[in-house]
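Numbering (my numbering), first residue to last: 1 to 284.
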Amino acid sequence: MKRFDYYQPESLKEAYKLMEKLKGEARYIAGGTDLIVKMKQKVLTPKALISLRRVEGLAGITKNGGMSLGSMTLFREIERDPDLARIYPCLSRAASVLANPQIRNVATIGGNLCNAAPSADSAPPLMVLGATVVIEGPGGSREIPIEELFQGPGATSLDSVEILTQIKIPEPTPNSGSAFVKIGRLSQDIAIVNAAVMVVMEGRVCKECKAAVGAVASTPLRLEAVEEMVAGNSIEGDLLDAVEAKVKELVSPISDVRASEEYRREVAGVLVRRALIEAANEAE
Ligand SMILES: Cc1cc2nc3c(=O)[nH]c(=O)nc-3n(C[C@H](O)[C@H](O)[C@H](O)COP(=O)(O)OP(=O)(O)OC[C@H]3O[C@@H](n4cnc5c(N)ncnc54)[C@H](O)[C@@H]3O)c2cc1C
């Protein structure tokens, strides 16, 4: 790995100042579990790293009706939070099957989102939970729906100086349930396909549905057409078959070292079906 300078600012202002001075040559670093791998492989060769670890106010979970997660919150904290597991089971589940405990002890949710891998495990759950992200920079702060963050593999809507500071998740609707399912080469490996579903139920009928899949398109993908099919119906039999078929139509996966395009397409349908059933059971 090439030598690099390392900075540890203690405020956002200090971080922006450094990044403006080192523009084009520096990267922010959170846990480093994506970035350092890319630097070792020489995919990225920054001359300087600006750590976000000491920047005040970026870590931790705040409960305020909904929840706010600082971008530097570790997956280990998310996985272990009992309120989060009760209120947002799909996100808790995603955190608990991301990599392994060693990685979860240093990997942050902000890093997972800003790395913008189509397979990022936190993306589908946050999409179905209706999360927004707060992005701050020298010019001020903006809040956008999480879908707008992802622009392509490795690309986000942040400019090079901006920092993702918070993820906000609204309070869930009563009688809702959510689920996250994932398939990898090993149980805690990067996803071959992952999927999350949130449903609001009235008896056996689904009043509202949100569904998202990862690793089957250039960005994590919301499945609006599936959501429309499910809303107003019972989650069973023919509907589940139709959902599975629709998902296969909507995704556009690629073949890579982990799986073929055909396998991903097939599995995406199956996982959304499973997540729907699990989310409906959870709502009960
Ligand atoms: C062995 C192994 C297994 C893994 N398994 C999984 C898995 O199962 N599922 C999964 O989703 N991922 C997995 N990953 C990928 C990685 O661990 C996660 O994506 C992790 O959440 C990245 O977070 P980080 O804090 O380490 O980010 P970093 O590596 O520090 O940063 C990633 C990128 O985001 C930028 N960045 C970070 N934080 C911010 C911020 N707040 N504002 C602006 N830019 C920012 C950095 O500049 C960098 O470009 C795995 C990685 C390894 C090495």
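Cβ coordinates follow ideal geometry from the N, Cα and C atoms, glycine included. Source: prediction; values computed, not measured.
Using 6 angstroms as the cut-off, classify the Cβ of residue i as near or not near the heavy atoms of ligand 1, replying yes or no.
i              : result
alanine 179    : no
tyrosine 28    : yes
serine 71      : yes
leucine 35     : yes
alanine 195    : no
isoleucine 61  : no
isoleucine 144 : no
cysteine 206   : no
isoleucine 103 : yes
leucine 164    : yes
alanine 120    : yes
alanine 155    : no
Just curious, the alpha helix (DSSP H) that residue i is in, first and last residue?
i              : result
glutamine 166  : Premise fails: glutamine 166 lies in the beta strand (DSSP E), 163–169, not in any alpha helix (DSSP H).
serine 11      : Counting along the chain, serine 11 falls outside any alpha helix (DSSP H), and DSSP gives it neither H nor E.
isoleucine 277 : 261–283
valine 247     : 237–250
proline 102    : Sequence check: residue 102 is glutamine here, not proline. Taken as a continuous stretch (DSSP letters only), the alpha helix (DSSP H) holding glutamine 102 covers 101–104.
isoleucine 192 : From DSSP, isoleucine 192 is part of no alpha helix (DSSP H) but of the beta strand (DSSP E) over 191–202.
glycine 111    : 109–114
For the beta strand (DSSP E) that contains residue i, what are its first and last residues?
i           : result
alanine 179 : 176–184
leucine 69  : 66–70
arginine 27 : 26–29
alanine 211 : 205–214
Are any of the Cβ atoms in chain B nearer than 7 angstroms to that of residue i?
i           : result
alanine 217 : Protein chain content of the structure displayed is limited to a single chain, and chain B is not contained in it.
Could you tell me the distance, in whole angstroms, from the CA atom of residue i to the CA atom of residue j?
i              : j             : result
glycine 269    : lysine 63     : 34 angstroms
isoleucine 103 : lysine 13     : 29 angstroms
alanine 211    : threonine 108 : 24 angstroms
proline 118    : glutamate 284 : 31 angstroms
isoleucine 190 : leucine 98    : 7 angstroms
serine 96      : valine 247    : 25 angstroms
arginine 27    : serine 234    : 48 angstroms
glutamate 136  : arginine 142  : 7 angstroms
leucine 126    : leucine 91    : 7 angstroms
isoleucine 192 : serine 157    : 25 angstroms
alanine 231    : valine 199    : 9 angstroms
Run through the DSSP bridge pairs and tell me what residue i is partnered with.
i             : result
proline 145   : Thr132
isoleucine 50 : Tyr7 and Tyr28
arginine 222  : Ala212
Does the Cβ of residue i have 16 or more other Cβ atoms within 10 Å, making it buried, or fewer, making it exposed?
i            : result
aspartate 81 : buried
threonine 73 : buried
valine 257   : exposed
lysine 42    : exposed
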